[in-house]
Amino acid sequence: MRTTFDFISDPGHAWLKVNTRDLFALGLTPSDFSSYSYRRGDDLYLEEDCDASLFIQTYIKKTNSKPKFRERVAREKRSKIRNYECNNRY
Numbered sequence: 013m014r015t016t017f018d019f020i021s022d023p024g025h026a027w028l029k030v031n032t033r034d035l036f037a038l039g040l041t042p043s044d045f046s047s048y049s050y051r052r053g054d055d056l057y058l059e060e061d062c063d064a065s066l067f068i069q070t071y072i073k074k075t076n077s078k079p080k081f082r083e084r085v086a087r088e089k090r091s092k093i094r095n096y097e098c099n100n101r102y
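No gaps in the numbering here: position 64 of the sequence shown is 76 in the working numbering, and each next residue is one more.
#1: So the alpha helix (DSSP H) residue 65 belongs to, where does it begin and stop?
#2: Cα separation between residue 57 and residue 93?
#3: Of all the options 55, 49, 22, 73, which has the alpha carbon lying nearest to the alpha carbon of residue 62?
#4: Evaluate residue 24 with the Cβ neighbour count: other Cβ atoms within 10 Å of its Cβ, from every protein chain shown; 16 or more gives buried, anything less gives exposed.
#5: Which runs of the beta strand (DSSP E) spanning at least 3 residues fall entirely within the region 21–64, listed in chain order?
#6: Return the first residue and the last residue of the beta strand (DSSP E) that residue 88 is part of.
#7: Please state whether the Cβ-Cβ distance between residue 44 and residue 14 is less than 7 Å.
#8: Work out the CA separation of residue 42 and residue 102 for me, nearest whole Å.
#9: Distance, Cα to Cα, residue 37 vs residue 86?
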C-alpha cells in the first residue's frame with residue numbers, strides 16, 4: 013500500500029491518482045467512484061470533490077494515518093487526464 017499519492021491539477025479541476033491495487037487493499041473498487049473520475053490502465057484519477065474525499069476518508073479509517081500528497085500541476089492549460097476514459101460504474 014502506498015502512503016504518498018499524486019494530486020494533479022489544471023486551472024479548472026484536480027484529481028488524485030490512485031492505483032487499483034491500493035483501492036482493493038482498502039476494500040474499494042472502481043465502481044465505488046463516479047464517472048467524473050477517469051481511468052487509464054490500472055490507475056484511477058479521482059475527481060477532487062467527492063471521489064478523492066471518499067478515498068482519503070477510507071484510507072484514514074483503514075490505516076489510522078493520513079496519506080501524503082505530491083502536488084503536480086499540469087503543464088498544459090487542460091490536463092490530458094480529461095482525455096482518459098471516464099470511470100464507468102461496473
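All residues carry an ideal CB built from backbone N, CA and C; glycine is no exception.
Concretely, from the data shown:
#1: 63–75
#2: 8 Å
#3: 49
#4: exposed
#5: 26–31, 50–52, 55–59
#6: Note, residue 88: premise wrong, no beta strand (DSSP E); not H, not E.
#7: no
#8: At residue 102, the pLDDT of 48 sits below 50, so the modelled position is not reliable; the number obtained from the coordinates is stated separately. Rounded to the nearest angstrom, the two C-alpha atoms are 8 Å apart.
#9: 28 Å
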